[in-house]
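Here's the structure we're looking at; comments come further down.
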Amino acid sequence: MTTTRVRKAILPVAGLGTRVLPAVKAIPKEMLPIVDRPVIEYAVDEAREAGIEEFIFVTARGKASIEDHFDRAPALEATLEGRGRKAELESVRNSTLTDGNVTFTRQHTPRGLGHAVWCARHAVGDEPFGVILPDDLIQAPRPCLGQLIEAYERVGGNVVAAVDVPREHTNRYGVLDVTSDDGRLAAAKGMVEKPDPEHAPSTLSIIGRYVLDPAVMRQLDRQAPGRGDEIQLTDAIAATIGDVPLHGLRFDGRRFDCGNKAGYVEAILAFALEHPETADATRALLQTYAARRAS
Ligand code: UTP
745 MTTTRVRKAI LPVAGLGTRV LPAVKAIPKE MLPIVDRPVI EYAVDEAREA GIEEFIFVTA
805 RGKASIEDHF DRAPALEATL EGRGRKAELE SVRNSTLTDG NVTFTRQHTP RGLGHAVWCA
865 RHAVGDEPFG VILPDDLIQA PRPCLGQLIE AYERVGGNVV AAVDVPREHT NRYGVLDVTS
925 DDGRLAAAKG MVEKPDPEHA PSTLSIIGRY VLDPAVMRQL DRQAPGRGDE IQLTDAIAAT
985 IGDVPLHGLR FDGRRFDCGN KAGYVEAILA FALEHPETAD ATRALLQTYA ARRAS
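According to this note's numbering, the sequence shown is numbered sequentially starting from 745.
In structure tokens form, the structure reads like this:
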């Protein structure tokens, strides 16, 4: 099918992060490290690998270090160069975004994810766009957003990343009302935000990756507050069903919710086990701790 290329991605980073306080009292939760890189850098790398050319961050007060992280660091780079620290220099340079390809806009009041996305409306314009919630860290053979874009190029409309969750957990997610499902891509006729298990239309739940039609942005212009008195992105997506198809993609990869303590710890372990400098030591540590528990 003929679709417009997805060139832009919104990264909403204006949330308060109350579930990981006090760690994020003075730093943004997106700057928490996973082994040797902050959470936000994994999200940006995923977007870059998915072919995204323009990065739109929706930030808030106290999030300035995110902006600095993706900027050049001339003094640090000069020092590393002078000392011949090539690998470190390369890692610092890799985290720089290209001039003109990055926009920072602010959400002045935390009125919900839908409102945060709407704050990026002028930077996005009238074209399809990706959304990455950096808290949802994904370890995948191919970038999750890239997998969504491939699906979008086949079916168009709105495509969201989806996972099957235990029924007792549906009240933590937006849940799809599925009409057809080939085991990987599911078409949906509706979506409910955090339904109680007994009222959930399915257990196929959406996580923090989206490819969205511009109709969603237009809907956000008039979207009323929903659950928690916040403007919900899921409500706006659901309101476009009928005009725009909605699909959930069971992507290839594992997702970690770094917005809560246990998910964050698990993400560190999973990435440490894959990192060449930490894999062996982490495996040995896990064995030591497992043996201690057993004894
Ligand atoms: P969360 O649901 O994790 O909320 O937001 P939160 O405020 O960040 O964290 P807790 O629940 O207090 O611990 C999901 C995503 O939406 C963004 C967050 O930055 C995160 O990427 N968000 C949420 C905003 O940008 N603005 C908002 O008003 C709410």
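Where is the CB? At the ideal position from N, CA and C, for every residue including glycine.
Bear in mind the structure is a predicted one, so any value in this text is a computation, not a measurement.
beta-carbon residue i near the ligand UTP non-hydrogen atom, thresh 6 Å
i, result
"residue 1003", "yes"
"residue 761", "yes"
"residue 856", "yes"
"residue 860", "yes"
"residue 877", "yes"
"residue 782", "no"
"residue 756", "yes"
Proximity winner among the options, relative to residue i (alpha-carbon distances)
i, options, result
"residue 860", "1025, 1036, 925 and 801", "801"
"residue 926", "916, 948, 935 and 915", "948"
"residue 933", "978, 998 and 878", "978"
"residue 953", "822, 939, 876 and 1013", "876"
"residue 951", "918, 854 and 752", "918"
"residue 838", "814, 998, 1012 and 856", "814"
"residue 857", "804, 827 and 869", "804"
"residue 929", "916, 937 and 897", "897"
"residue 771", "761, 779, 780 and 778", "761"
Alpha-carbon spacing of residue i relative to residue j, whole angstroms
i, j, result
"residue 1017", "residue 807", "29 Å"
"residue 830", "residue 817", "15 Å"
"residue 1047", "residue 794", "The question about residue 1047 has no answer, for the chain in this structure spans 745 to 1039."
"residue 821", "residue 841", "15 Å"
"residue 924", "residue 850", "39 Å"
"residue 931", "residue 921", "8 Å"
"residue 776", "residue 976", "25 Å"
"residue 991", "residue 968", "23 Å"
"residue 899", "residue 873", "15 Å"
"residue 980", "residue 1036", "50 Å"
"residue 1025", "residue 958", "47 Å"
"residue 1028", "residue 914", "36 Å"
"residue 946", "residue 886", "27 Å"
"residue 812", "residue 986", "42 Å"
"residue 1022", "residue 855", "39 Å"
"residue 891", "residue 865", "24 Å"
"residue 962", "residue 823", "48 Å"
Distance CB(residue i)-CB(residue j) smaller than 7 Å
i, j, result
"residue 901", "residue 960", "no"
"residue 783", "residue 1002", "yes"
"residue 750", "residue 955", "yes"
"residue 798", "residue 845", "yes"
"residue 993", "residue 905", "yes"
"residue 911", "residue 939", "no"
"residue 753", "residue 796", "yes"
"residue 1007", "residue 1015", "no"
"residue 853", "residue 867", "no"
"residue 982", "residue 935", "yes"
Status (buried if at least 16 other CB within 10 Å, exposed otherwise) for residue i
i, result
"residue 790", "buried"
"residue 745", "exposed"
"residue 774", "buried"
"residue 766", "exposed"
"residue 1011", "buried"
"residue 944", "buried"
Contact test: residue i Cβ vs the ligand COA heavy atom, cutoff 6 Å
i, result
"residue 1018", "For the structure depicted, the ligand COA is absent and the ligand set comprises only the ligand UTP."
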